[in-house]
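S.K.:
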Amino acid sequence: MALIEVENLSKQFRVARKPEGGRGRLRRLRRDFADVHAVDGVSFAVEAGEMVGYIGPNGAGKSTTIKMLTGILVPSGGRLSVAGFEPSRQRRELARQIGVVFGQRTQLWWDLPLADSFDLLKHIYHVPMARFAANLERCVELMEMGEFLRTPVRQLSLGQRMRGELTAALLHDPAILYLDEPTIGLDVVAKARIRAFLTALNRDAGTTVLLTTHDMGDIERLCRRVIIIDRGGILYDGALDPLKARFAIERTLVVDLEEPAPPLEVPFAIVERVEGPRQWLRFQREQTSAADLIAAVARAAHIADLRVDEPSIEDVVLRIYAGGAGERFSSTPSPG
Amino acid sequence: MGSELALYPRLAWSRVRGQVEYRLSFVLMLVGYFAATVADFLAIWVIFLHLPLLAGWTLGEVAFLYGTSYVSFKLADMVVGHLDVLPTLVRSGSLDTLLTRPLGSLFQVITIDFGLRHVGAIAQAVCVLAVACVTAGVPWDAARVAMMPVTILSGTVIFASIWVLGASTVFWTMGNGLEVMNTFTYGGNQMANFPINIYAGWLRRLIAYVVPLAFVTYFPSLYLLAKEDPLGSPGILRFASPLVALGCVAAARFAWGQGIRHYQSTGS
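So the sequences go chain by chain: A and B.
Residue numbering for the first sequence follows my numbering, beginning at 240 and increasing consecutively.
Residue numbering for the second sequence follows my numbering, beginning at -6 and increasing consecutively.
1) Measure the CB-CB distance between residue 115 of chain B and residue 58 of chain B and report whether it falls below 8 Å.
2) Considering residue 71 of chain B, what are the terminal residues of the alpha helix (DSSP H) in which it resides?
3) For residue -1 of chain B, which of helix, strand or coil comes out of DSSP?
4) If we require 4 or more residues per run, which alpha helix (DSSP H) segments fall completely within the segment 471 to 509 of chain A?
5) Buried or exposed for residue 421 of chain A, going by 16 or more other Cβ atoms inside 10 Å?
6) Looking only at its own chain, which residues have a Cβ that is under 7 Å from the Cβ of residue 54 of chain B, when we skip the five neighbours before and after it?
7) For the ligand FAD, is there a heavy atom less than 7 Å away from the beta-carbon of residue 315 of chain A?
8) If distances are taken between C-alpha atoms only, which option among A:426, A:411, A:439 comes closest to residue 380 of chain A?
9) Please work out which residues of its chain come closer than 6 Å, Cβ to Cβ, to residue 417 of chain A, disregarding the five sequence neighbours upstream and downstream, and give them in chain order.
10) Excluding sequence positions up to five away, which residues of its chain have a Cβ less than 7 Å from the Cβ of residue 387 of chain A?
11) Starting from residue 335 of chain A, trace the alpha helix (DSSP H) both ways and give me its first and last residue.
12) Whose Cβ in chain B lies nearer than 7 Å to the Cβ of residue 346 of chain A?
13) Could you tell me whether any Cβ in chain B is nearer than 8 Å to the Cβ of residue 301 of chain A?
14) Which residue wins for smallest C-alpha separation from residue 204 of chain B, given the options B:229, B:244, B:13, B:222?
15) Taking the alpha carbon of residue 360 of chain A as the reference point, which residue from A:373, A:393, A:409, A:319 has its own alpha carbon closest?
16) With respect to the alpha helix (DSSP H) encompassing residue 519 of chain A, which residues constitute its N-terminal and C-terminal limits?
17) Could I get the ranges of all uninterrupted alpha helix (DSSP H) runs contained in the segment 156 to 190 of chain B, with 4 residues as the minimum, in chain order?
18) Report the neighbours of residue 331 of chain A on chain B: residues whose CB is nearer than 9 Å to its CB, in chain order.
19) Is there contact between the segment 311 to 328 of chain A and the segment 241 to 256 of chain A, where contact requires at least three CB pairs shorter than 8 Å?
20) Counting beta carbon pairs with one atom in the segment 146 to 155 of chain B and one in the segment 231 to 247 of chain B, are three or more of them shorter than 8 Å?
21) Could you give the first and the last residue of the continuous alpha helix (DSSP H) run that contains residue 543 of chain A?
22) Would you say residue 86 of chain B faces chain A, with C-beta separation under 8 Å as the test?
23) Which word fits residue 407 of chain A, buried or exposed, when buried means at least 16 other C-beta atoms lie within 10 angstroms of its C-beta?
24) I'd like the ranges of any alpha helix (DSSP H) spanning at least 4 consecutive residues and lying wholly in the segment 378 to 458 of chain A.
25) Identify the contact partners of residue 363 of chain A in chain B, using a Cβ-Cβ distance below 8 Å as the criterion.
26) So, is the C-beta of residue 18 of chain B closer than 8 Å to a C-beta in chain A?
27) What is the DSSP secondary structure of residue 512 of chain A, reduced to helix, strand or coil?
28) Would you mind working out which of A:307, A:553, A:540 sits nearest residue 497 of chain A, comparing C-alpha positions?
29) Roughly how many angstroms separate the alpha carbons of residue 309 of chain A and residue 435 of chain A, rounded to a whole number?
30) The alpha helix (DSSP H) spanning residue 240 of chain B covers which residue range?
31) Given that a residue counts as buried once 16 or more other Cβ atoms are within 10 Å of its Cβ, and exposed if not, what is residue 241 of chain B?
32) Just the C-alpha distance for residue 113 of chain B and residue 307 of chain A, rounded to the nearest angstrom, thanks.
33) Could you compute how far the alpha carbon of residue 574 of chain A sits from the alpha carbon of residue 276 of chain A?
34) Is the distance from the Cβ of residue 263 of chain B to the Cβ of residue 91 of chain B below 8 Å?
35) Counting contacts by CB-CB distance shorter than 8 Å, is residue 279 of chain A in contact with chain B?
36) I'd like to know whether the C-beta atoms of residue 280 of chain A and residue 472 of chain A end up nearer to each other than 8 Å.
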């Protein structure tokens, strides 16, 4: 049996529909309701030790799925099994098997030093002293947290806090780690540190990781497998590489030249847009690397500044719709 | 349940440490609460400037009711009063984080804070109660000494249960109507300060049998003060407070359970 089994999972929310014009006041008394299918017939399985990216545009049903997998929400239909438990019925038993990090929320005690939050969690989860010490030491070492363990959480930087959140989620040796936007708002260095830690965790402890993110960089560096969800249904479930080859091949180099120039002519890139001294060059990763392209641009003009834009999840989803909804894409777009 | 009781002191203490960090402001707050609630009792005292008896009750006896009720009320406030943050927890999604832990949801919401600031008000009520214990003419014996803590504890549990019941409505109303529930907690305490025979019949029945405020202090005080009930209620009611408190706990647990279930199926 797989560690996480999801079969035909669905969740409907009943929301009040805004009354349409007309005799406003009277109409407002009688409220119309509409059922929104936030998750609509989703099935997948995750084996122990996998690292899976669960991605999709805003409102696609990602968070709703995660909330059902953790037992926070009760599904409206379908079957769920996580580590042998039925999440909504056995929420508290399941809680000992999972770690959860919601990037936008904290599970730490705001007014206490970080170390005190860990100590409280040790008691909440009944973590034996030796396990606790070993787990904490590993996290502190790998994520370089020694300096700020005694700092109150409210004074931590976002990057420091996120390292604290990850540690807090792992003290009780969960079999599964759910991460919801773990790198949101972090700078490049902080992102790299979190990604390196997650890779090591998956490799050394065999922790299964389910990750939702908007950051294609997270996905590329962490996940071999991705599940793309849109409008409540699964659009793609499979390896990342073929997906990238088909849909996420185009990147954009944005350069600020020292002075305005006509569209640059460099091999393997098409100038998409020119705005004063700024130019957008689209290129495909099979044909040239970002480094080669930058070198080519530098030979043609003086560069003041630059950045490379990765395709967003939204772009990928759009291309899947536009292009190759072939037989391997279980695409069942539903209304709502 | 057992493991949560064992955890409570640790979590409560962690909340206290955060508050006591700013020592001066904390002390000022305690003094402020003490002073503010002294005014509460003065209002009762003023009534007795014009009356020797209030519906058959002396100043000492009413002070006794005030003391027992207020100590119970503020103890409950200290432990569960911060349930009024529940709408914020639900809106911000923090409740979701709590639901990923291996603990009961109510327990976790309660341990988000510990209202140590209420110690100021409790101290004031204990002072009034101590004076009343001497001046109200309690015929002290072993049974009555034992009955005192039972009364305070039952009252605390009744108030706390009413609080939880009120907070449970948040899962349906998203916090609209929490003010209505405050009339039962804060307002209920004000009513329990006075002997219930001063109230009109329907109101009296409401606070005796529906929202069982009369069991917080009125009925047990009839026994403690060895008074005849001017309303002629059955004598057994004087000892029923612990049972009523247990009933309130059951009702509160049921309401909270329904509320969380509603939340888990609607997500809001």
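Ideal placement from N, C-alpha and C gives every residue a C-beta, glycine not left out.
M.R.: Considering the structure as presented:
1) On the second sequence, position 122 is the one that residue 115 of chain B refers to. On the second sequence, position 65 is the one that residue 58 of chain B refers to. Against a cut-off of 8 Å, the Cβ pair of residue 58 of chain B and residue 115 of chain B comes out as no contact.
2) Mapped onto the second sequence, residue 71 of chain B falls at position 78. Segment 52 to 73, the alpha helix (DSSP H) holding residue 71 of chain B.
3) Here residue -1 of chain B corresponds to residue number 6 of the second sequence, with the count starting at 1. Correct three-state label for residue -1 of chain B: helix.
4) For secondary structure counted as the alpha helix (DSSP H) over 4 or more consecutive residues, the segment 471 to 509 of chain A holds these complete runs in sequence order: 479 to 486.
5) Against the first sequence, residue 421 of chain A aligns to sequence position 182. Burial call: buried.
6) Counting from 1 along the second sequence, the entry for residue 54 of chain B is found at position 61. 129, 218.
7) By its list of ligands, the structure shown contains no ligand whatsoever, and the ligand FAD lies outside what it can speak to.
8) Position 141 of the first sequence, counted from the first residue, corresponds to residue 380 of chain A. Comparing Cα positions, the closest option is A:439.
9) Here residue 417 of chain A refers to the residue found at position 178 when the first sequence is read from its first residue. Result list for residue 417 of chain A: 305, 339, 449, in chain order.
10) Counting from 1 along the first sequence, the entry for residue 387 of chain A is found at position 148. Same-chain partners within the cutoff: 353, 395, 399.
11) Within the first sequence, the letter at position 96 stands for residue 335 of chain A. Careful: residue 335 of chain A lies outside any alpha helix (DSSP H) and carries neither H nor E.
12) Taking the first sequence and counting its residues from 1, one reaches residue 346 of chain A at position 107. Going along chain B in sequence order, the residues near residue 346 of chain A (Cβ under 7 Å) are 90.
13) Counting from one through the first sequence, the residue named residue 301 of chain A turns up at place 62. Closer than 8 Å: no.
14) Position 211 of the second sequence, counted from the start, is the residue given in the question as residue 204 of chain B. Of B:229, B:244, B:13, B:222, the residue nearest in Cα terms is B:244.
15) Mapped onto the first sequence, residue 360 of chain A falls at position 121. Per the Cα distances, A:409.
16) Mapped onto the first sequence, residue 519 of chain A falls at position 280. Counting along the chain, residue 519 of chain A falls outside any alpha helix (DSSP H), though it belongs to the beta strand (DSSP E) covering 517 to 523.
17) 163 to 166, 171 to 185
18) The residue you call residue 331 of chain A lines up with position 92 of the first sequence. Neighbours of residue 331 of chain A on chain B, chain order: 94, 95, 96, 97.
19) Short answer: they touch.
20) The segment 231 to 247 of chain B vs the segment 146 to 155 of chain B: in contact.
21) Counting from 1 along the first sequence, the entry for residue 543 of chain A is found at position 304. It is not in any alpha helix (DSSP H) - residue 543 of chain A instead sits in the beta strand (DSSP E) that spans 542 to 548.
22) Your numbering for residue 86 of chain B matches position 93 in the second sequence. By this cut-off, residue 86 of chain B is an interface position.
23) Within the first sequence, numbered from 1, the residue matching residue 407 of chain A stands at position 168. Buried: at least 16 other Cβ atoms inside 10 Å.
24) 397 to 409, 427 to 443
25) By one-based count along the first sequence, residue 363 of chain A stands at place 124. Going along chain B in sequence order, the residues near residue 363 of chain A (Cβ under 8 Å) are 0, 94, 95, 96.
26) As a working mapping, residue 18 of chain B is identified with position 25 in the second sequence. Chain A contact via Cβ: absent.
27) Here residue 512 of chain A corresponds to residue number 273 of the first sequence, with the count starting at 1. It is a strand residue.
28) As a position in the first sequence, residue 497 of chain A is number 258, starting the count at 1. The residue with the shortest Cα to Cα distance from residue 497 of chain A is A:540.
29) Taking the first residue of the first sequence as position 1, residue 309 of chain A is located at position 70. Taking the first residue of the first sequence as position 1, residue 435 of chain A is located at position 196. Rounded to the nearest angstrom, the gap between the Cα atoms of residue 309 of chain A and residue 435 of chain A is 25 Å.
30) Here the question's residue 240 of chain B lines up with position 247 in the second sequence. Residues 234 to 259.
31) Residue 241 of chain B sits at position 248 when you count from the first residue of the second sequence. It counts as buried.
32) Counting from one through the second sequence, the residue named residue 113 of chain B turns up at place 120. Counting from one through the first sequence, the residue named residue 307 of chain A turns up at place 68. Taking the straight line joining both Cα atoms gives about 44 Å.
33) Residue 574 of chain A sits at position 335 when you count from the first residue of the first sequence. Residue 276 of chain A sits at position 37 when you count from the first residue of the first sequence. No answer about residue 574 of chain A holds up, because its pLDDT of 37 lies below 50 and its placement is not dependable.
34) Residue 263 of chain B cannot be examined here, being either before or after the span of chain B that is shown, -6 to 261.
35) Your numbering for residue 279 of chain A matches position 40 in the first sequence. Not closer than 8 Å to any Cβ of chain B, the Cβ of residue 279 of chain A fails to qualify, so no.
36) In the first sequence, the residue the question calls residue 280 of chain A occupies position 41. In the first sequence, the residue the question calls residue 472 of chain A occupies position 233. It is a contact, given that the beta carbons lie within the stated cut-off.
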